[in-house]
Amino acid sequence: MSLSALRFSAAWPEAAALAAQIVDRHAEAFGRASHAWSVTDRADEATSAATVLLTTDAGQAERARSAGAAVVLTAVEGDLLIDTVHDRLGTYRFTSAAQGDAFDARFVAVFGAALALAFEPRDALCVARAWIAEANADALAWPTQFDALPRVLEPALPCPTAADLAFAPCPTQLGIYAVVPDADWVARLVALKVPTVQLRFKSDDAQAVVDQVRRAEAAARGSATRLFINDHWQVALDVHTQAPDSGIYGIHLGQEDIDEADLVAIRSAGLRLGISTHGFAEMLRVAPLNPSYLALGAVFATPTKTMPTVPQGLGRLFAYAAAMRTREPAPPLVAIGGIDLAAMPRVLESGVGCVAVVRAITQAPDVPAAVDALQATFAAHVRA
Numbered sequence: 012m013s014l015s016a017l018r019f020s021a022a023w024p025e026a027a028a029l030a031a032q033i034v035d036r037h038a039e040a041f042g043r044a045s046h047a048w049s050v051t052d053r054a055d056e057a058t059s060a061a062t063v064l065l066t067t068d069a070g071q072a073e074r075a076r077s078a079g080a081a082v083v084l085t086a087v088e089g090d091l092l093i094d095t096v097h098d099r100l101g102t103y104r105f106t107s108a109a110q111g112d113a114f115d116a117r118f119v120a121v122f123g124a125a126l127a128l129a130f131e132p133r134d135a136l137c138v139a140r141a142w143i144a145e146a147n148a149d150a151l152a153w154p155t156q157f158d159a160l161p162r163v164l165e166p167a168l169p170c171p172t173a174a175d176l177a178f179a180p181c182p183t184q185l186g187i188y189a190v191v192p193d194a195d196w197v198a199r200l201v202a203l204k205v206p207t208v209q210l211r212f213k214s215d216d217a218q219a220v221v222d223q224v225r226r227a228e229a230a231a232r233g234s235a236t237r238l239f240i241n242d243h244w245q246v247a248l249d250v251h252t253q254a255p256d257s258g259i260y261g262i263h264l265g266q267e268d269i270d271e272a273d274l275v276a277i278r279s280a281g282l283r284l285g286i287s288t289h290g291f292a293e294m295l296r297v298a299p300l301n302p303s304y305l306a307l308g309a310v311f312a313t314p315t316k317t318m319p320t321v322p323q324g325l326g327r328l329f330a331y332a333a334a335m336r337t338r339e340p341a342p343p344l345v346a347i348g349g350i351d352l353a354a355m356p357r358v359l360e361s362g363v364g365c366v367a368v369v370r371a372i373t374q375a376p377d378v379p380a381a382v383d384a385l386q387a388t389f390a391a392h393v394r395a
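Last residue of the sequence shown: 395 in this note's numbering, with the numbers rising by one and none dropped.
Written as structure tokens, this is what we have:
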């Protein structure tokens with residue numbers, strides 16, 4: 012690793028060497044950040060968005076934030092660490108077991124290395140705390156255990172037990188999961204026996220949304236296709252409760268939709284809930300809800316949706332899936348984002364039980380042939 016790609020303040024003279032070793036070991040899997048990062052314990056050095064201040068001082072944290080820097084503000088409460096991360100994507104609060112100095116050289120090295128490997132600061136914090144907690148004999152081994160990761164503290168998000176809020180389960184293998192723009196596509200893919208289909212209809216016309224959801228529900232009713240409705244949870248609930256033997260199987264929500272959606276109503280209606288995630292922090296945020304599945308992405312670049320983060324890539328997909336598979340209960344996992352037929356075998360090596368596709372079907376010159384090829388490739392490469 013080039014020393015210019017990652018800089019540490021003088022407080023951690025030993026961090027640079029370990030960080031360089033970690034980056035060299037894992038850069039092939041995760042890639043490298045598009046810019047250099049600096050990690051400091053001094054607010055006067057935290058003057059740009061490419062700097063992260065690690066501090067226990069709230070005043071210093073506020074100064075750094077005002078200057079545009081990212082911040083990790085850490086407090087010790089009993090035997091717990093409370094890490095508040097402010098970065099370009101917002102604010103996250105994490106809790107983990109206190110193990111020695113909150114900002115010892117090893118933690119700082121791993122945190123900096125994760126930044127250099129193009130993880131957002133919030134996700135770099137998750138990696139570093141897990142690295143310390145897991146304490147692998149191989150000092151450069153990537154952490155893989157869900158229980159080693161910190162937990163998210165977010166009062167706005169209910170974190171009930173599974174008994175209090177258990178969503179209807181999905182099969183571990185949902186198969187090919189087609190994400191389509193309208194009800195005509197839903198009907199077309201139901202006829203082709205695509206196992207899972209999502210209606211992602213975007214419109215500000217409320218009546219058009221209702222009409223599309225109704226038509227999609229009618230198309231899926233009585234079929235073997237599992238129909239998910241993206242975003243429009245209230246319309247989906249209304250249509251589902253009004254239709255005998257409803258064809259709506261579940262609802263898919265993004266991170267930004269969870270706080271507004273009536274999760275209890277979705278659960279009570281017997282609908283499944285799928286949630287999008289884009290990194291460790293977002294996975295940890297929603298895992299306590301025990302959703303019916305987690306979508307991990309975007310794996311590759313995609314023009315079908317504007318993303319706040321860069322494509323995750325296969326390395327991150329493998330890391331996320333490995334950690335989530337060790338959770339109890341382990342949710343079904345869906346890989347999504349820019350996946351085509353050629354990429355599917357490698358994606359399935361991650362252990363996900365479902366691959367979501369958009370353009371691989373909607374832009375195919377021969378849709379039935381594309382569906383057949385995707386189905387055959389999935390069956391040949393999915394892990395048991």
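For glycine and all other residues, C-beta sits at the position ideal for the given N, C-alpha and C.
A quick note: this is a predicted structure, and the numbers were derived from the prediction, not measured.
Just to check my reading of the structure: residue i and residue j have Cβ atoms closer than 8 Å, yes? What is that Cβ distance to the nearest angstrom?
i      : j      : result
Met355 : Val366 : 6 Å
Glu145 : Pro154 : 4 Å
Leu151 : Arg36  : 5 Å
Leu210 : Ala227 : 5 Å
Ser257 : Arg232 : 7 Å
Pro302 : Gly290 : About 16 Å; that fails the 8 Å criterion.
Val208 : Val191 : 6 Å
Would you identify the three-state DSSP class for residue i, choosing helix, strand or coil?
i      : result
Ala177 : coil
Phe19  : strand
Ala167 : For Ala167, the predicted structure reports a pLDDT of 37, less than 50, and the residue's modelled location is therefore unreliable. The matter cannot be settled from this model.
Arg394 : coil
Ala384 : helix
Thr373 : helix
Glu228 : helix
Pro182 : coil
Pro379 : helix
Asp215 : coil
Between which two residues does the beta strand (DSSP E) containing residue i stretch?
i      : result
Arg9   : For residue 9 there is no data in the structure shown, the boundaries of the chain being 12 and 395.
Leu354 : According to the sequence as given, residue 354 is Ala; it is not Leu. First-last for Ala354: undefined, no H or E at that position.
Val50  : Trp48 to Thr51
Val208 : Thr207 to Leu210
Ala80  : Segment: none, Ala80 is in no beta strand (DSSP E) and carries neither H nor E.
Leu300 : Run containing Leu300: none; DSSP gives neither H nor E here.
Considering residue i, what are the terminal residues of the alpha helix (DSSP H) in which it resides?
i      : result
Val321 : Element bounds for Val321: n/a, residue is neither H nor E.
Val34  : Ala26 to Phe41
Leu295 : Phe291 to Val297
Thr10  : Examination of residue 10 is not possible in this model, given that the chain is present from 12 through 395 alone.
Val345 : Note, Val345: premise wrong, no alpha helix (DSSP H); beta strand (DSSP E) at Leu344 to Ala346.
Val275 : Leu274 to Ser279
Ala198 : Ala194 to Ala202
Could you tell me which residues DSSP pairs with residue i in its beta bridges?
i      : result
Ile187 : Val366
His263 : Asn241 and Gly285
Phe65  : Note that residue 65 is Leu in the sequence shown, not Phe. In the DSSP output, where bridge partners are listed per residue, Leu65 has Val83.
Leu307 : Thr288 and Ala346
Runs of beta strand (DSSP E) wholly within the segment 86-165 (minimum 3 residues, chain order): Within the segment 86-165, the complete beta strand (DSSP E) runs of at least 3 residues are 91-98 and 101-108.
Which residue spans inside the segment 231-261 form an unbroken alpha helix (DSSP H) run of at least 4? Taking 4 residues as the minimum length, the alpha helix (DSSP H) runs contained wholly in the segment 231-261 are 244-253, in order along the chain.
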